[in-house]
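> Pasting a structure below so you can have a look.
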Amino acid sequence: MTKPKVLVTRRWPKAVEVQLSEKFDTVLSNNDKPLRPCEFRQAFKEFDAVLPTVTDKIGSDAMELSRPRTRLLANYGVGYTHIDITSASSHGMVVTNTPDVLSECTADLAMTLMLMAARRAGEGEREIREGHWSGWRPTHLVGTKVSGKTLGIVGFGRIGQEMARRAHHGFGMDIVVHNRSRVASEILARYNAVQADDLDDLLPRCDFVSLHCPGGAENRHLINSRRLDLMRPNAFLINTARGEVINEHDLVQALAFETIGGAALDVFDGEPQIARNLLYSDRLVMLPHLGSATAETREAMGFRVLSNLDAFFEGNTPPDRVN
Ligand code: DGY
Numbered sequence: 006m007t008k009p010k011v012l013v014t015r016r017w018p019k020a021v022e023v024q025l026s027e028k029f030d031t032v033l034s035n036n037d038k039p040l041r042p043c044e045f046r047q048a049f050k051e052f053d054a055v056l057p058t059v060t061d062k063i064g065s066d067a068m069e070l071s072r073p074r075t076r077l078l079a080n081y082g083v084g085y086t087h088i089d090i091t092s093a094s095s096h097g098m099v100v101t102n103t104p105d106v107l108s109e110c111t112a113d114l115a116m117t118l119m120l121m122a123a124r125r126a127g128e129g130e131r132e133i134r135e136g137h138w139s140g141w142r143p144t145h146l147v148g149t150k151v152s153g154k155t156l157g158i159v160g161f162g163r164i165g166q167e168m169a170r171r172a173h174h175g176f177g178m179d180i181v182v183h184n185r186s187r188v189a190s191e192i193l194a195r196y197n198a199v200q201a202d203d204l205d206d207l208l209p210r211c212d213f214v215s216l217h218c219p220g221g222a223e224n225r226h227l228i229n230s231r232r233l234d235l236m237r238p239n240a241f242l243i244n245t246a247r248g249e250v251i252n253e254h255d256l257v258q259a260l261a262f263e264t265i266g267g268a269a270l271d272v273f274d275g276e277p278q279i280a281r282n283l284l285y286s287d288r289l290v291m292l293p294h295l296g297s298a299t300a301e302t303r304e305a306m307g308f309r310v311l312s313n314l315d316a317f318f319e320g321n322t323p324p325d326r327v328n
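For the sequence shown, position 179 matches number 184 in our numbering, and the numbering has no gaps at all.
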């Protein structure tokens with residue numbers, strides 16, 4: 006029997022690439038660069054499954070073709086707002102993602118950012134590397150205590166809940182959540198959390214606000230100047246979700262005029278391009294989209310894609326189908 010033809014758009018962990026190549030007629034990425042729309046159109050003519058990731062923008066332009074061969078778009082990553090799901094569905098393509106396996110590591114990184122911003126870790130590191138540290142003194146790089154404070158979690162899915170677990174059980178924080186749907190009381194009870202009526206109700210109640218909602222048009226600029234103004238003047242904003250959730254221009258203003266205490270970002274609108282003004286704020290910690298970047302998680306994400314491929318080509322519904 007001929008093996009399904011599979012295209013992988015970026016370099017993946019070795020162990021996963023090996024298995025993909027054994028099981029399928031696989032073309033791996035040579036140059037590790039995102040595909041352009043014309044390359045996707047070509048790939049959709051040639052391959053049974055295409056395996057993109059967050060850096061591949063698969064808009065309606067990439068789908069402008071008739072009768073594609075591709076029947077499965079198995080995304081490496083949990084977020085899939087970079088894929089035009091309506092166009093994929095109209096071509097009969099099944100789309101899958103990789104939930105669960107990255108929740109813990111993404112929450113770990115959100116905690117890292119929260120602590121770095123509150124305790125001024127980026128500034129401290131820069132000071133040492135630049136040779137400017139003059140020694141311990143009572144007033145040096147004084148930050149904000151995290152333990153026991155109130156954390157607002159926007160989006161209470163798997164990653165949001167892992168964040169709550171760490172913050173509440175590890176750091177004794179009070180948890181307030183905002184979520185589109187009502188969160189079951191037994192889930193809230195695990196973290197002694199309360200659900201706010203809406204986002205505007207949550208923001209003024211929190212010392213830290215961590216974003217864990219999906220990106221895409223629906224949540225574009227969810228955090229804008231009006232909402233930044235609702236935050237406490239010394240509160241911190243953490244984003245490990247998607248860059249477009251924050252209006253970065255408004256965030257720069259809030260940081261410059263000190264209407265919030267600080268912020269920490271792992272994701273950026275239009276990344277890897279970074280809006281210039283973000284670079285100038287010492288109240289801002291930035292990391293290059295590292296949420297799921299551990300060897301264990303990146304491998305688990307790849308194997309999760311494999312299990313979606315296996316199910317699909319055995320004629321079953323893939324476990325992580327999203328459309
Ligand atoms: C995802 O999975 O959507 C991340 O942003 C990449 O880890």
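Glycine included, every Cβ here is placed at the ideal spot set by N, Cα and C.
Treat the numbers as computed from the prediction; the structure is a model and nothing was measured.
Looking at ligand 1, does it come within less than 6 Å of Ser92, judged from the CB to the closest heavy atom?
In the sequence shown, residue 92 corresponds to position 87, counting from 1. No.
> I need the DSSP call for Gly157, collapsed to helix, strand or coil.
Stepping through the sequence shown from its first residue, residue 157 is reached at position 152. If DSSP states are grouped into helix, strand and coil, Gly157 belongs with the strands.
> What residues are listed by DSSP as bridge partners for Gly291?
Stepping through the sequence shown from its first residue, residue 291 is reached at position 286. The amino acid occupying residue 291 in the given sequence is Met; Gly does not appear at that position. Among the bridge pairs identified by DSSP, Met291 is matched with Leu270.
> In chain order, what residues place their C-beta within less than 6 Å of a heavy atom belonging to ligand 1?
Val59, Gly82, Val83, Gly84, Leu107, Gly296 and Ser297
> With 16 other CB atoms within 10 Å as the buried threshold, where does Arg187 fall?
By one-based count along the sequence shown, residue 187 stands at place 182. Label assigned to Arg187: exposed.
> Taking the straight line between their C-alpha atoms, what separation do you get for Arg41 and Lys62?
By one-based count along the sequence shown, residue 41 stands at place 36. By one-based count along the sequence shown, residue 62 stands at place 57. If you take the alpha carbons of Arg41 and Lys62, they lie about 8 Å apart.
> Considering Lys10, what are the terminal residues of the beta strand (DSSP E) in which it resides?
Taking the sequence shown and counting its residues from 1, the one referred to as residue 10 is at position 5. Unbroken beta strand (DSSP E) run through Lys10: Lys10 to Val13.
> Just the Cα atoms here: how many angstroms apart are Ala280 and Ala300?
Numbered from its first residue, the sequence shown carries residue 280 at position 275. Numbered from its first residue, the sequence shown carries residue 300 at position 295. Each residue's alpha carbon lies about 29 Å from the other.
> Please identify the residue among Pro219, Thr302 and Leu260 whose C-alpha is closest to the C-alpha of Ser230.
Translated into the one-based positions of the sequence shown, residue 230 becomes position 225. Measuring from the Cα of Ser230, the nearest candidate turns out to be Leu260.
> Note down, in chain order, each residue of its chain lying with its Cβ closer than 6 Å to the Cβ of Arg15, except the 5 sequence neighbours on either side.
For the purposes of this step, residue 15 is taken as the residue at position 10 of the sequence shown. Closer than 6 Å at the Cβ level, and outside the excluded window around Arg15, lie Ser34, Asp37 and Thr58.
> Between which two residues does the alpha helix (DSSP H) containing Asn313 stretch?
Position 308 of the sequence shown holds residue 313. Ala300 to Phe318 is the span of the alpha helix (DSSP H), which, as asked, contains Asn313.
> Taking only heavy atoms of ligand 2 into account, decide whether any of them is closer than 6 Å to the Cβ of Asp212.
Only ligand 1 can be found as ligands here, which leaves ligand 2 out of the picture.
> Rank Ser108, Trp17, Thr7 and Ala268 by C-alpha distance to the C-alpha of Leu120 and give the top, closest one.
The residue given as residue 120 occupies position 115 in the sequence shown. The residue with the shortest Cα to Cα distance from Leu120 is Ala268.
> For Asp205, report the span of its alpha helix (DSSP H) as first-last.
As a working mapping, residue 205 is identified with position 200 in the sequence shown. Counting along the chain, the alpha helix (DSSP H) containing Asp205 begins and ends at Leu204 to Leu207.
> Under the DSSP definition of a beta bridge, which residues are partnered with Asp30?
On the sequence shown, residue 30 is found 25 positions in, with the first residue counted as 1. Asp30 is bridged to Lys10.
> My assumption, with CB atoms under 8 Å, is that Met236 sits in contact with Leu208. Please give the rounded CB distance.
To locate residue 236, count along the sequence shown from 1; it is residue 231. To locate residue 208, count along the sequence shown from 1; it is residue 203. Rounded, the Cβ-Cβ distance is 5 Å, consistent with contact.
> Spell out the partners DSSP gives Asn244 in its beta bridges.
Mapped onto the sequence shown, residue 244 falls at position 239. Partner(s): Leu216 and Leu270.
> Is the beta carbon of Asn252 sitting closer than 7 Å to the one on Leu270?
As a working note, residue 252 is residue 247 in the sequence shown. As a working note, residue 270 is residue 265 in the sequence shown. Not a contact, by the Cβ cut-off of 7 Å.
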